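If you read the sequences in order, they're chains U and G.
Take 1 as the starting number for the first sequence in our numbering and just add one per residue.
Take 1 as the starting number for the second sequence in our numbering and just add one per residue.
Each residue gets a CB set at the ideal place from its N, CA and C atoms; glycine is no exception.
On a predicted model such as this, the values are computed, not experimentally measured, just so you know.
Down below is the structure, laid out as structure tokens.
There are 2 protein chains.
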Amino acid sequence: MNIKEVAARAGLPAKTIRYYEEIGLIRPLRAANGYRSFRESDLHKLAFLARARGLGFSIEDCRALLALYEDRARASSDVKALAESHLARIAEKIAELRGMEATLGALVRACAGDARPDCPILTGIAGKDCCG
Amino acid sequence: MNIKEVAARAGLPAKTIRYYEEIGLIRPLRAANGYRSFRESDLHKLAFLARARGLGFSIEDCRALLALYEDRARASSDVKALAESHLARIAEKIAELRGMEATLGALVRACAGDARPDCPILTGIAGKDCCG
DNA sequence: TATGGGGTTTCCCGTGATGGGAAGGTCAAG
DNA sequence: CTTGACCTTCCCATCACGGGAAACCCCATA
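Structure follows, in structure tokens:
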């Protein structure tokens with residue numbers, strides 16, 4: 001399989017696939033003409049990576065997940081620990097964003113949004129009572 | 001005021017303040033020795049920037065907000081439009097993160113997390129039924 | 001056989017918003 | 001005069017790619 005087909009099937013840009021090879025996440029073979037030659041196992045790994053990235057795992061997390069995936073002697077507790085720590089990061093981010101949403105939402109609701117210059121959003125950002 | 005004091009009072013690292021000058025968000029004076037010399041107005045702008053960044057606005061959004069803040073002839077509708085568009089981006093991100101949280105959370109709950117290799121998290125990421 | 005068009009390769013630069021750290025100038029206190 | 005804290009500029013690194021150039025490869029058609 002050449003890179004374009006594998007890209008289509010894994011749902012990843014060709015650029016990303018080359019990058020993943022460069023950082024050692026996959027090791028496709030090479031044809032005589034220098035083209036990358038992907039096996040089914042490469043495609044499988046790329047699809048795994050695409051899904052893990054879609055769940056927000058960092059590249060290094062993905063590397064660890066892939067290693068666990070390929071290690072038949074793994075303990076599921078190792079996988080779960082990784083996933084739980086990522087879940088915690090996700091929850092933190094959500095909390096942070098919700099804080100922003102609440103603060104900014106209140107300012108937006110207080111703003112008339114007309115042609116006049118008076119703006120609670122600006123005074124809110126400027127004032128000491130903002131972003132508590 | 002030298003940079004360290006202004007950094008402490010604005011709640012920003014000195015590095016960040018230098019960067020903000022470099023990209024033209026602030027224009028502090030210079031003392032004879034080459035040191036930056038911050039006025040109260042610079043401090044005020046930096047505090048504004050720190051809060052706007054804390055609300056998740058991008059640097060370019062901050063530039064626009066600062067311009068509006070300094071423009072006495074602004075229309076509050078312009079500010080509100082900017083803020084609402086940012087609020088929408090925040091909501092999108094929250095939705096995306098909640099999707100991840102739901103999917104990954106379900107996988108984590110299904111995983112025994114013991115010494116055995118069987119792991120619904122890995123098969124979930126590997127399988128076609130993962131990530132919507 | 002030439003030509004065209006698409007696929008592929010490597011290489012280098014850019015992103016956003018800083019952080020780290022080196023090399024060197026300046027200032028106030030002891 | 002020295003020490004140590006502060007300041008300066010400059011360059012490189014982050015993270016996960018994306019854009020685009022220059023060159024090579026393959027296949028089909030005229």
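Length of the line joining the Cα atoms of residue i and residue j
| i | j | result |
| --- | --- | --- |
| M100/G | I121/G | 13 Å |
| D118/U | A95/G | 32 Å |
| L107/G | I125/G | 9 Å |
| A88/U | R109/G | 14 Å |
| A73/U | T123/G | 15 Å |
| D78/U | E92/U | 21 Å |
| C130/G | E60/U | Since pLDDT at C130/G reaches only 49, below the 50 mark, its modelled position is unreliable, and the value read off the structure follows with that caveat. The straight-line gap from Cα to Cα measures roughly 20 Å. |
| N33/G | M1/G | 13 Å |
| G113/U | E70/G | 17 Å |
| E84/G | G105/U | 8 Å |
| A115/U | K4/G | 40 Å |
| G127/G | G127/U | 51 Å |
Per-residue contacts from residue i into chain G (C-beta, under 7 Å)
| i | result |
| --- | --- |
| E84/U | V108 |
| A73/U | P117 |
Under 8 Å by beta carbon: chain G residues contacting residue i
| i | result |
| --- | --- |
| E101/U | L87, I90, A91, I94 |
| L97/U | G56, I90, K93, I94, L97 |
Cβ shell of residue i (< 6 Å), same chain only, five flanking positions each side left out
| i | result |
| --- | --- |
| A81/G | none |
| I26/G | Y20, D42, K45 |
Listed by chain order, chain U residues near residue i by CB distance under 7 Å
| i | result |
| --- | --- |
| I121/G | V79, K80, A83 |
| S76/G | C111, A112, G113, D114, R116, P117, D118, C119 |
| A126/G | F48, Y69 |
| G105/G | L87 |
| A52/G | I125 |
| R18/G | Those do not exist, as R18/G stays about 22 Å from chain U at its closest Cβ, beyond 7 Å. |
Contact set for residue i: own chain, Cβ-Cβ below 7 Å, skip 5 residues either direction
| i | result |
| --- | --- |
| A7/U | P13, A14, I17 |
| F57/U | L65, H86 |
| D28/U | Asp is not the amino acid found at residue 28/U; the sequence shown has Pro there. Cβ neighbours of P28/U beyond the five flanking positions: E21, R36, S37, F38, D42. |
| C111/G | C119, P120, I121 |
With 16 other Cβ atoms within 10 Å as the buried cut-off, status of residue i
| i | result |
| --- | --- |
| L49/U | buried |
| I23/U | exposed |
Beta-carbon spacing of residue i, residue j below 8 Å
| i | j | result |
| --- | --- | --- |
| A10/G | A47/G | yes |
| A62/G | A75/G | One detail in the question is off: residue 62/G reads as Cys in this sequence, not Ala. Going by C-beta atoms, C62/G is not nearer than 8 Å to A75/G. |
| R39/U | R30/U | no |
| L97/U | I90/G | yes |
Heavy atom of the ligand FAD within 7 Å of residue i beta-carbon
| i | result |
| --- | --- |
| A73/U | Among the components modelled here there is no ligand, and therefore nothing to report on the ligand FAD. |
Close-in-space but distant-in-sequence residues of the same chain around residue i (CB under 8 Å, 5 per side omitted)
| i | result |
| --- | --- |
| G132/U | With a pLDDT of 38 at G132/U, under the threshold of 50, the predicted position of this residue should be treated as unreliable, though the coordinate-derived value follows. The residues are T103. |
| L55/U | H86 |
Chain U contact residues for residue i, given Cβ-Cβ distances below 8 Å
| i | result |
| --- | --- |
| G34/G | By Cβ distance, chain U contributes nothing, its closest Cβ being about 30 Å from G34/G, past 8 Å. |
Contacts that residue i makes with chain U (C-beta to C-beta distance below 9 Å)
| i | result |
| --- | --- |
| L65/G | I121, L122, I125 |
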